[in-house]
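The structure appears below as structure tokens.
Residue numbers (the UniProt record's numbering): 1 to 452.
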């Protein structure tokens with residue numbers, strides 16, 4: 001039995017179903033991404049170290065959902081477990097916020113002061129993440145040890161753990177955007193600039209998700225504790241007071257006088273006011289919905305990362321598919337040349353097409369122009385235009401690809417020039433070589449040139 005006006009079983013089990021679905025979604029997305037990070041050395045770069053830290057906190061946050069479900073259905077007579085659960089919940093949430101702040105600070109320094117600082121190393125990224133964890137562990141402990149000053153601590157939480165770090169992230173992102181726009185001497189098609197812009201956008205979207213999903217819980221906690229200064233235990237046992245059985249008094253949970261909606265309750269359940277019970281009923285539903293919204297950040301983090309790294313997400317799915325094929329092949333003991341395990345090995349050796357994205361060849365063809373055929377053996381291409389009047393290939397219609405002559409009509413349409421020597425343009429074409437190195441360029445068609 002429960003007090004009239006308490007939480008119906010339908011509402012309680014509906015909230016339980018929402019919690020379970022949220023837990024499965026968080027684990028179903030974060031665990032595969034974390035497995036790919038752990039299994040792939042190329043993904044363990046400094047930027048992804050911050051993402052890996054957030055994956056760990058999201059998984060730990062999902063692991064606390066069964067504890068919350070247990071507290072929804074069973075009475076808790078100890079405030080120790082309540083304080084511990086709240087401490088670890090706020091710890092995981094705040095670590096996520098400070099991990100995004102650390103990522104924003106690192107990228108801000110890397111973009112605006114790249115010439116002085118140099119590239120960020122993996123060791124530096126791990127050190128910054130360790131600092132973020134230590135600061136959060138110490139800062140979150142004030143909820144446990146200073147709960148007697150509840151309104152003051154809640155106000156400090158609102159500033160230190162929510163408003164201040166998220167405002168700094170938005171300010172850093174705006175500063176980076178102004179820096180990228182101001183430095184117009186950069187090539188607009190520069191790959192590094194594009195990656196920096198994408199990363200800044202990802203940080204801004206992550207921060208916006210934090211602002212929206214955590215706003216309800218922060219506002220609710222602030223209003224609740226500033227209006228009614230009571231112990232942190234009352235917030236944890238919010239639903240228990242409206243579902244308390246007959247014969248179980250409020251003094252079994254909190255020593256002294258308890259408050260429910262401004263109504264004093266002493267002795268037994270007959271003292272519960274009807275208005276106070278319905279007030280706490282609504283408060284319980286709002287409390288659970290705000291908590292669900294806050295825990296949903298563990299789902300949005302990995303979704304935002306996958307959306308802004310769609311190619312990496314595709315490679316992740318292909319990697320998991322190949323791992324499944326490899327396990328099936330090992331179970332069946334197949335030794336066929338076309339078996340999944342052999343295909344995986346051939347893919348690693350770049351000897352056949354495969355599901356995984358292939359790496360470019362280590363030694364691509366060297367293709368250079370030459371005014372005459374004096375540079376035979378060095379890999380050259382005839383500079384003069386092909387003789388359109390002659391059907392037979394002559395020395396003006398031949399080109400050298402890796403030292404082998406081939407007719408002009410068999411010439412491919414695309415060439416990759418890896419670090420070819422750049423020459424000075426004169427009346428007769430390219431003259432002497434220089435010591436400068438030209439970056440990769442893609443030339444198409446038969447009359448492509450070395451135009452800079």
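Don't be surprised by glycine CBs; every beta carbon is placed ideally from N, CA and C.
Going by DSSP in three states, residue i sits in which element: helix, strand or coil?
| i | result |
| --- | --- |
| residue 30 | helix |
| residue 141 | coil |
| residue 120 | coil |
| residue 467 | Outside the shown range of the chain, which is 1 to 452, sits residue 467, and nothing can be said about it. |
| residue 40 | coil |
| residue 48 | helix |
| residue 14 | helix |
| residue 309 | coil |
| residue 413 | Annotation note: pLDDT 40 at residue 413 (below 50); position unreliable, coordinate value reported separately. Note: residue 413 maps to coil in three-state DSSP. |
| residue 99 | helix |
| residue 107 | helix |
| residue 281 | helix |
| residue 74 | coil |
| residue 296 | coil |
| residue 113 | coil |
| residue 262 | Low confidence applies to residue 262: its pLDDT is 36, below 50, so where it sits in the model is not reliable, and the reading given next is rough at best. Residue state, collapsed to three classes: coil. |
Pick out whichever of the options has its Cα sitting closest to the Cα of residue i.
| i | options | result |
| --- | --- | --- |
| residue 177 | 15, 19, 128 and 198 | 198 |
| residue 196 | 125, 168 and 109 | 109 |
| residue 120 | 307, 47, 26 and 291 | 47 |
| residue 63 | 43, 89, 74 and 39 | 89 |
| residue 221 | 211, 169 and 291 | 291 |
| residue 96 | 11, 130, 113 and 66 | 130 |
| residue 308 | 168, 321, 202 and 68 | 202 |
| residue 125 | 32, 215, 44 and 162 | 44 |
| residue 57 | 324, 297 and 306 | 297 |
| residue 169 | 40, 211 and 215 | 211 |
| residue 9 | 162, 223, 295 and 74 | 74 |
| residue 66 | 216, 39 and 27 | 27 |
| residue 33 | 162, 156 and 306 | 306 |
| residue 215 | 162, 40, 39 and 328 | 162 |
| residue 322 | 164, 13 and 39 | 39 |
| residue 12 | 70, 326 and 84 | 70 |
Determine whether the beta carbon atoms of residue i and residue j lie at a separation below 8 Å.
| i | j | result |
| --- | --- | --- |
| residue 293 | residue 213 | yes |
| residue 471 | residue 17 | As displayed, the chain neither begins before 1 nor continues past 452, which places residue 471 out of reach and without an answer. |
| residue 94 | residue 59 | no |
| residue 179 | residue 128 | no |
| residue 299 | residue 22 | yes |
| residue 302 | residue 55 | yes |
| residue 19 | residue 86 | no |
| residue 25 | residue 72 | no |
| residue 218 | residue 158 | yes |
| residue 200 | residue 107 | yes |
| residue 61 | residue 140 | no |
Does any residue of chain B have a CB that is nearer than 8 Å to the CB of residue i?
| i | result |
| --- | --- |
| residue 13 | Absence of chain B from the displayed structure is noted, only one protein chain being present. |
Take every Cβ of the segment 40 to 59, pair it with every Cβ of the segment 88 to 105, and state whether three or more of those distances are shorter than 8 Å. yes
Does the structure place the segment 199 to 207 close enough to the segment 283 to 291 that three or more beta carbon pairs sit under 8 Å? no
Assess contact between the segment 129 to 137 and the segment 165 to 176, defined as three or more Cβ pairs (one per stretch) separated by less than 8 Å. Is contact present? no
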